[in-house]
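The structure under discussion appears below in the form of structure tokens.
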Amino acid sequence: EQVATVLPVWPAADWFEREAWDMMGIPFEGHPNLVRILMDDDWEGHPHRKDYPLGGEPVRFSDEE
-13 EQVATVLPVW PAADWFEREA WDMMGIPFEG HPNLVRILMD DDWEGHPHRK DYPLGGEPVR
47 FSDEE
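Have a look at this one:
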């Protein structure tokens, strides 16, 4: 389900709508430039969604440093 963009009324909402799409996958109908703003262009998925898989690569940590 798409949400209508508010850019014609509030042009400053451009980055907010792009961030909401990038992080949560909320599509804004009529947005002229709905591209990633925070994540890399080749990133797959939307990291703030509950169905986004958690995990990743283990991080090495040592108290000795």
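Position 6 of the sequence shown, counted from 1, bears residue number -8 in the working numbering, the numbering being contiguous throughout. Every residue, glycine too, gets a C-beta built ideally from N, C-alpha and C. The structure presented is a predicted model; accordingly, all values stated were derived computationally and were not measured.
Q) Are there 16 or more other CB atoms within 10 angstroms of the CB of Glu15, so buried, or fewer, so exposed? A) Glu15 is exposed by the Cβ-count criterion.
Q) Near Trp1, what residues of its chain come up, given a Cβ to Cβ distance below 7 Å and the 5 sequence neighbours on each side ignored? A) Excluding its 5 nearest sequence neighbours in each direction, Trp1 has C-beta neighbours in its own chain below 7 Å: Ile23, listed in chain order.
Q.
Measuring only the C-alpha atoms, how far is Trp7 from Leu20?
A. Answer to the nearest angstrom: the Cα atoms are 7 Å apart.
(Q) Buried or exposed, going by whether 16 or more other CB atoms sit within 10 Å of the CB of His17? (A) By the Cβ neighbour-count rule, His17 is buried, with 16 or more other Cβ atoms within 10 Å of its own.
Q. From Glu(-13) to Glu3, what does the alpha carbon distance come to, in whole angstroms?
A. Distance between the alpha carbons of Glu(-13) and Glu3: 15 Å.
Q) Grouping DSSP H, G and I as helix and E and B as strand, with all else coil, what is Glu(-13)? A) Glu(-13): coil per DSSP, three-state reduction.
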